[in-house]
Amino acid sequence: MNAEFRDAVYQIVGAIPAGRVASYGQVARQAGWPRHARFVGRLMGQLPEGSALPWHRVIRGDGSLPLLGTPSGEVQLRRLAEEGVAVIGNRVPKRCFWAPGEDGRR
DNA sequence: GTTATGACTCTGC
DNA sequence: AGCAGAGCCATAA
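Under UniProt numbering, the letters of the first sequence match residues 1 to 106, in that order.
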């Protein structure tokens with residue numbers, strides 16, 4: 001994958017404010033790569049453990065967590081809850097999604 | 001070069 | 001609302 005894409009994705013993900021989430025497609029689109037939602041996910045999976053990126057704030061478009069049933073999913077769920085994201089039934093309400101250009105307030 | 005796969009998304013049932 | 005199928009695009013075999 002182009003380093004450009006990787007860098008853009010990192011930038012976008014890092015820009016997501018705490019207590020807010022974004023979908024893969026959303027991140028991909030804002031990074032400038034519209035149809036690469038899957039690759040955002042791939043990058044997350046390839047992300048080093050020590051990375052400071054809030055990968056747990058990146059979820060599916062419908063608000064469900066793709067990692068449910070895996071240890072990473074538990075961690076993600078726990079971190080989101082700690083950041084104030086309302087996780088309902090292993091899912092996040094759309095109102096908690098990150099609006100581009102927004103800080104986190106509504 | 002073709003086939004299979006995947007931290008996805010959309011549409012239709 | 002939940003499930004199934006098709007579309008999408010880079011990687012790997």
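We put the CB at the ideal spot given by N, CA and C, even for glycine.
From a predicted model like this one, the values you see are computed outputs, not experimental measurements.
| said: For GLY14 and LEU43, which I take to be in contact (beta-carbon distance under 8 Å), what is that distance rounded to the nearest angstrom? | reply: As a working mapping, residue 14 is identified with position 14 in the first sequence. As a working mapping, residue 43 is identified with position 43 in the first sequence. Not really, about 12 Å apart at Cβ, beyond 8 Å.
| request: Would you mind working out which of GLY19, ALA18, VAL40, PRO17 sits nearest ALA28, comparing C-alpha positions? | output: By 1-based counting over the first sequence, the position of residue 28 is 28. It is VAL40 whose Cα lies nearest to the Cα of ALA28.
| message | Can you tell me which residues form a DSSP beta bridge with ILE59? | response | Counting from 1 along the first sequence, the entry for residue 59 is found at position 59. According to DSSP, which records beta bridges pairwise, ILE59 is partnered with SER23.
| request: Count the other CB atoms, across all protein chains shown, that sit within 10 Å of the CB of residue 133; report buried if there are 16 or more and exposed otherwise. | output: Within the shown structure, residues of the chain are numbered from 1 to 106, placing residue 133 beyond reach of any answer.
| task | Between the Cα of ASP103 and those of ALA18, ASN2, ARG35, spot the shortest distance and give me the residue it belongs to. | result | The residue you call residue 103 lines up with position 103 of the first sequence. The candidate whose alpha carbon is nearest that of ASP103 is ALA18.
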